[in-house]
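For what it's worth, the UniProt record's numbering labels the leading residue of the sequence shown as 1, then goes sequentially. Glycine included, every Cβ here is placed at the ideal spot set by N, Cα and C. Before any comments, here is the structure.
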Amino acid sequence: MDPSPSYAASSYFADFGLILFALFLVLLNGFFVAAEFAMVKLRSTKVEAIASRHGWRGHILRTVHAQLDAYLSACQLGITLASLGLGWVGEPAFAHLLEPLLTSIGIQSPAVVHGIAFFTAFFIISYLHIVVGELAPKSWAIRKPELLSLWTAVPLYLFYWLMYPAIYLLNASANAILRIAGQGEPGAHHDHHYSREELKLILHSNRARDPGNQQIQVLASAVEMSELEVVDWANSREDLLQLEHDAPLSAILEVIRRHKYSRYPVYDSEKGEYVGLLHIKDLLLALAADDRLPEHFCLNELLRPLECVSKHMPLASLLEQFRQGGAHFVLVEEGDHKVIGFLTMEDVLEVLVGDIQDEHRKAERGVLAYQPGKLLVRGDTPLFKLERLLEIDLDHIEAETLAGLVYETLKRVPDEDEVLQVEGLQIVIKKMRGPKIVLAKVLRQA
């Protein structure tokens, strides 16, 4: 016996009502997905600013974000309930609506009609669930975390307290599992801290989009500095201008007049060691205080202690040493206390802000000639300095200097005028002194 028209109509409206309810569940699923991703994406540093601008809604957002693990559990519970309800209600409702349509086009087999209706309904519900209930709200929340977190905070807060017993049970169960797995005391949310590599990638991406942004340049340089050792930026000993400990005052004044540096290491040739550091302020003050100083001049009486640091000292640690009042000049030593170079405060600051040209020093130490993409440099020039000047990436290379890179590549001592291609560079050996590379021309290849 066929169903009466009134029964068919009521069944139709019931199915239509279930479809509307299924669409509501799709949107509800999207709400919880958006809330979850927006809360996770939102940085703690932004929360206080939002709370101060948006009154009670902002204060609720701050409450939610402060207990993020608990409210993420509420999101997961909401997503699960909405998804289960969608599968329970949506597919049968769509299938019931589709079956009369399939029958009307001549498909009479109940099994075929039911199968087609079921799979069509499954496809429609799955499509809506994935696109409207998952992908779209997730992408929106990632792009606009402040807006979405503010919109979703109040409903999420109400849902959390409405479902608190169930959420408490879920959190307690999850925390117990984490303790058993040896993950310590769970439950407290900690802001995600970007790793050094993540920061480098973020800053590199921003620097590529906005190469003239000085703030990004300085931030990127600060991250790079955290990976550098003193040897990566040290000036060569060949650039070290030193005074003899027994030099007469006239010779010292001539050196100062010619080179115009403020600090000079003092060397004792008889002992074969450095004995101190002369700061020209001390010399000028001594000359101003004693007109007879030239007659009984003794350089050793004016010397300050001269710091020596290991070549493996972190460059950031050296900057902190300078900042705390240490002499703004240090010698760089190898393990056997052999001096291989030096660094000044200005040199270290150049890692952060780029080359600092003053009225006396116009060229980069160790770089004898410079054009964009082309350098004439000493063999002991640090690779990091080449990276900066040529705008290339050599982080993966173990060698510390240009000469080290050449030896590592050739596995032998190069010849003068020999040309080699390595890491996107053309290196021409211009001058050798025995096994030592004195000068080389470096060209960045396109």
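Exercise. Given residue 373, which residues of its chain have a CB within under 8 Å of its CB, disregarding the five upstream and five downstream residues?
Worked result: Within the sequence shown, numbered from 1, the residue matching residue 373 stands at position 373. Answer for residue 373: 390, 443, 444, listed in chain order.
For this session: Take residue 322 and list the residues in its own chain whose beta-carbon comes closer than 8 Å to its own, dropping the five residues that flank it on each side.
Result: On the sequence shown, position 322 is the one that residue 322 refers to. Closer than 8 Å at Cβ, skipping near neighbours: 328, 345, 348.
For this session: State the DSSP-derived secondary structure class of residue 279, mapped to helix, strand or coil.
Result: Position 279 of the sequence shown holds residue 279. Here residue 279 sits in strand by DSSP.
For this session: Would you list, in sequence order, the uninterrupted alpha helix (DSSP H) runs of no fewer than 4 residues that lie entirely inside the segment 141-172?
Result: Listed in chain order, they are 145-162.
For this session: Consult DSSP for residue 8 and reduce its assignment to one of helix, strand or coil.
Result: Position 8 of the sequence shown, counted from the first residue, corresponds to residue 8. Only weak support exists for where residue 8 lies, its pLDDT of 48 falling under 50; the value from the coordinates is given anyway. In this structure, residue 8 counts as helix in the three-state DSSP scheme.
Exercise. Count the other CB atoms within 10 Å of the CB of residue 300; is the residue buried (16 or more) or exposed (fewer)?
Worked result: Sequence index remark: in the sequence shown, residue 300 carries index 300 (1-based). By the neighbour-count rule (16 or more Cβ atoms within 10 Å), residue 300 is not buried but exposed.
Problem set entry | Residues near residue 274 by beta carbon distance below 6 Å, same chain, minus five either side | Stepping through the sequence shown from its first residue, residue 274 is reached at position 274. So the qualifying residues of the chain are 265, 267, 306.
For this session: Report the rounded CA-to-CA distance for residue 82 versus residue 70, giving the unit in angstroms.
Result: Residue numbering aside, residue 82 sits at position 82 when the sequence shown is read from its first letter. Residue numbering aside, residue 70 sits at position 70 when the sequence shown is read from its first letter. One C-alpha to the other measures close to 19 Å.
For this session: Have a look at residue 270 and residue 260 and give me their C-alpha separation to the nearest angstrom.
Result: Reading the sequence shown from its first residue, position 270 is the one you call residue 270. Reading the sequence shown from its first residue, position 260 is the one you call residue 260. For the pair residue 270 and residue 260, the Cα-to-Cα distance works out to about 27 Å.
For this session: Starting from the C-beta of residue 352, find all residues in its chain whose C-beta is less than 8 Å away, skip the five residues before and the five after it, and write them out in chain order.
Result: Numbered from 1 along the sequence shown, position 352 holds the residue referred to as residue 352. Once the five neighbours on either side are set aside, the close Cβ partners of residue 352 are 218, 221, 222, 225.
Problem set entry | CA nearest to the CA of residue 313, picked from 231, 262, 339 | Numbered from 1 along the sequence shown, position 313 holds the residue referred to as residue 313. Ranking 231, 262, 339 by CA distance to the CA of residue 313 puts 231 first.
Exercise. What's the call for residue 437, buried or exposed, on a 16-neighbour Cβ count within 10 Å?
Worked result: Along the sequence shown, read from residue 1 onward, the residue named residue 437 stands at position 437. Counting the other CB atoms within 10 Å of its CB gives residue 437 a total of 16 or more, which places it among the buried residues.
Exercise. If you draw a straight line from the alpha carbon of residue 487 to that of residue 62, how long is it in whole angstroms?
Worked result: Any question about residue 487 goes unanswered here, given that the chain covers just 1 to 446.
For this session: Decide if residue 284 is buried, meaning its Cβ has at least 16 other Cβ atoms within 10 Å, or exposed.
Result: Translated into the one-based positions of the sequence shown, residue 284 becomes position 284. So residue 284 counts as exposed.
Exercise. Tell me the DSSP bridge mates of residue 329?
Worked result: Reading the sequence shown from its first residue, position 329 is the one you call residue 329. As computed with DSSP, residue 329 is found in a beta bridge with 344.
Exercise. Should residue 385 go down as buried or exposed, given a rule of 16 or more other Cβ atoms within 10 Å for buried?
Worked result: Within the sequence shown, residue 385 is the residue found at index 385, counting from 1. It counts as buried.
Problem set entry | Alpha-carbon to alpha-carbon, residue 148 and residue 38 | The residue given as residue 38 occupies position 38 in the sequence shown. The residue given as residue 148 occupies position 148 in the sequence shown. The alpha-carbon atoms of residue 38 and residue 148 are separated by roughly 6 Å.
Exercise. Skipping 5 residues on each side, what residues in its chain have a beta carbon closer than 8 Å to that of residue 30?
Worked result: By one-based count along the sequence shown, residue 30 stands at place 30. Taking residue 30 as the centre and dropping the five residues before and after it, the same chain places the C-beta of 132, 133, 134, 136, 137 closer than 8 Å to its C-beta, in chain order.
For this session: Note down the Cα distance separating residue 252 from residue 242, rounded to an integer number of angstroms.
Result: The sequence position of residue 252 within the sequence shown is 252, counting from 1. The sequence position of residue 242 within the sequence shown is 242, counting from 1. Rounded to whole angstroms, residue 252 to residue 242 spans 10 Å at the Cα level.
Exercise. Any idea what DSSP makes of residue 381, helix, strand or coil?
Worked result: Looking up residue 381 in the sequence shown gives position 381. Coil at residue 381, not helix or strand.
Problem set entry | DSSP three-state assignment for residue 126, whether helix, strand or coil | Translated into the one-based positions of the sequence shown, residue 126 becomes position 126. Three-state DSSP puts residue 126 in a helix.
For this session: Closer than 7 Å by C-beta to residue 163: which residues in its own chain qualify, once you throw out the five before and the five after it? Chain order, please.
Result: Walking along the sequence shown from the start, residue 163 turns up at place 163. In the same chain as residue 163, and ignoring 5 residues on each side of it, the C-beta atoms closer than 7 Å to its own belong to 74, 77, in chain order.
Exercise. Anyone know if the C-beta pair for residue 378 and residue 238 falls short of 8 Å?
Worked result: Along the sequence shown, one-based indexing puts residue 378 at 378. Along the sequence shown, one-based indexing puts residue 238 at 238. Result yes, Cβ atoms of residue 378 and residue 238 sit closer than 8 Å.
Problem set entry | Residues of its chain near residue 141, where Cβ-Cβ distance is below 6 Å and the 5 sequence neighbours each way are ignored | Here the question's residue 141 lines up with position 141 in the sequence shown. Setting aside the 5 residues that flank it on each side, residue 141 is surrounded in the same chain by 34, 37, 38, 148, each with a C-beta closer than 6 Å to its C-beta; the list follows chain order.
Exercise. With distances taken from CA atoms, which of 280, 122, 441 is nearest residue 256?
Worked result: Taking the first residue of the sequence shown as position 1, residue 256 is located at position 256. Among 280, 122, 441, the Cα nearest to that of residue 256 belongs to 280.
For this session: Apply the 10 Å Cβ neighbour rule to residue 334 and answer buried if 16 or more other Cβ atoms are within range, or exposed otherwise.
Result: On the sequence shown, position 334 is the one that residue 334 refers to. By the 10 Å Cβ count, residue 334 comes out exposed.
Exercise. When the distance is taken between beta carbons, is residue 431 closer than 8 Å to residue 439?
Worked result: The residue labelled residue 439 in the question sits at position 439 within the sequence shown. The residue labelled residue 431 in the question sits at position 431 within the sequence shown. With contacts defined by Cβ atoms closer than 8 Å, residue 439 and residue 431 form a contacting pair.
Problem set entry | residue 419, buried or exposed, once every other Cβ within 10 Å from all chains shown has been counted against 16 | Residue numbering aside, residue 419 sits at position 419 when the sequence shown is read from its first letter. Per the 10 Å Cβ criterion, exposed.
Exercise. Going by DSSP, what residues sit across from residue 432 in a beta bridge?
Worked result: Residue mapping note: residue 432 aligns to position 432 of the sequence shown, counting from 1. Note: residue 432 sits in a beta bridge opposite 437.
For this session: Using alpha carbons as the reference points, say which of 49, 32, 176 lies closest to residue 156.
Result: Your numbering for residue 156 matches position 156 in the sequence shown. Answer by Cα proximity: 32.
Problem set entry | Proximal residues to residue 94 (C-beta, below 6 Å), its chain only, five neighbours per side dropped | For the purposes of this step, residue 94 is taken as residue 94 along the sequence shown, with counting starting at 1. Non-local beta-carbon contacts of residue 94 in its own chain, meaning distances under 6 Å to residues more than five positions away in sequence, involve 121, 124 in chain order.
Problem set entry | Contacts around residue 170, its chain only, beta-carbon distance under 6 Å, and the 5 residues preceding and following it disregarded | Along the sequence shown, one-based indexing puts residue 170 at 170. For residue 170, where only same-chain residues beyond five positions count, the Cβ hits under 6 Å are 73.
Exercise. The beta strand (DSSP E) with residue 307 in it runs from where to where?
Worked result: Along the sequence shown, read from residue 1 onward, the residue named residue 307 stands at position 307. Where residue 307 is concerned, the enclosing beta strand (DSSP E) starts and stops at 307-310.
For this session: Can you grab the Cα-Cα spacing for the pair residue 304 / residue 277, in whole Å?
Result: Locating residue 304 in the sequence shown gives position 304, where the first residue counts as 1. Locating residue 277 in the sequence shown gives position 277, where the first residue counts as 1. Approximately 5 Å between the Cα atoms of the pair.
For this session: Return the chain-ordered list of same chain residues with a C-beta closer than 7 Å to the C-beta of residue 46, the five sequence neighbours on each side being excluded.
Result: Stepping through the sequence shown from its first residue, residue 46 is reached at position 46. Annotation for residue 46: 146 place their beta carbon closer than 7 Å to its own, counting only its chain and skipping 5 residues before and after.
Problem set entry | Close-in-space but distant-in-sequence residues of the same chain around residue 190 (CB under 6 Å, 5 per side omitted) | Residue mapping note: residue 190 aligns to position 190 of the sequence shown, counting from 1. In this predicted model, residue 190 has a pLDDT of only 49, less than 50, meaning its place in the structure is not dependable enough to derive any value.
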